[in-house]
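Worksheet: one structure, shown below.
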Amino acid sequence: MLLHRAQCKAGCPSFVETRPEGLYPHRQYQPDVVARVVAAVALGDESPRQAAARATASATSARRWSRWVAALVEVGAAVAMAAHLSMDGTTGAGLSTTPGDSVKAVAARVLQALEYLGEALVCAGVTLASKTGLGRLLEWRYRHRGEVVHLVAEPSRFSPGMALTAPGGAP
């Protein structure tokens, strides 16, 4: 998708990019696509090459996305935040079904925790266009805090403890 870029005023070195609602900035592949590819590898039986092919991405991207997701958030903190928002008492059930310390196992647990968190955000009344927990979390943080989480070799961890409320007190 081509995005329109315009110079803010004549002679200004800055450009403004218009982006449709729900389109996450600075991403070639949107968070929902990344989440589906990582889930196919971490929770399913697909190889990185098979999972990435459906998204017209490379196996290298699928492996990089898996490492990024695994390092994105502490599982316990994401589950605690989801429990805080949902108050239904079932948040986090099933996370122990993916034991181990491999990137695949950790990414699986992070994706599951983010699904709980994404669902809790929707149940708390936050309107989000994204369909996956990863997409919902990143969209929510971008829309309410203006924070963009970049895909880098060493991502800074997202801190749910700092994100329980948006400006104005709403989740």
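Numbers 109 to 279, taken from my numbering, label the letters of the sequence shown in order. We put the CB at the ideal spot given by N, CA and C, even for glycine.
- prompt: Helix, strand or coil: which one does DSSP assign to Val177?
  reply: Helix.
field: Gly243, buried or exposed, once every other Cβ within 10 Å from all chains shown has been counted against 16
entry: When all chains shown are included, Gly243 counts as buried.
DSSP-derived helix/strand/coil call for Cys231: helix
Gln158, DSSP secondary structure in three states: helix
task: Flag this pair as touching only if the segment 212 to 231 and the segment 144 to 158 have three or more C-beta atom pairs under 8 Å; answer yes or no.
output: yes
- prompt: Does the beta-carbon distance from Ala178 to Val218 come in below 8 Å?
  reply: yes
- request: Look at the alpha carbon of Glu255 and the alpha carbon of Leu246, and state the distance between them as a whole number of angstroms.
  value: 8 Å
task: Hey, could you find the ends of the alpha helix (DSSP H) Val145 is sitting in?
output: Pro139 to Ala150
query: So, is Pro139 buried or exposed, given that buried needs 16 or more other C-beta atoms within 10 angstroms?
result: buried
task: Would you check if the distance between the CB atom of Ala160 and the CB atom of Val145 is smaller than 8 Å?
output: A contact, by the Cβ cut-off of 8 Å.
- prompt: CB-CB under 7 Å to Pro156, same chain, minus the five flanking residues each way: which ones, in chain order?
  reply: Val149, Ala167, Ala170 and Arg171
field: Inter-residue Cα distance where the pair is Gln158 and Trp173
entry: 14 Å
query: Since Leu229 and Ala186 are thought to touch, with beta carbons under 8 Å apart, how far apart are those beta carbons, to the nearest angstrom?
result: Their Cβ separation, rounded to whole angstroms, is 11 Å, which puts Leu229 and Ala186 out of contact at 8 Å.
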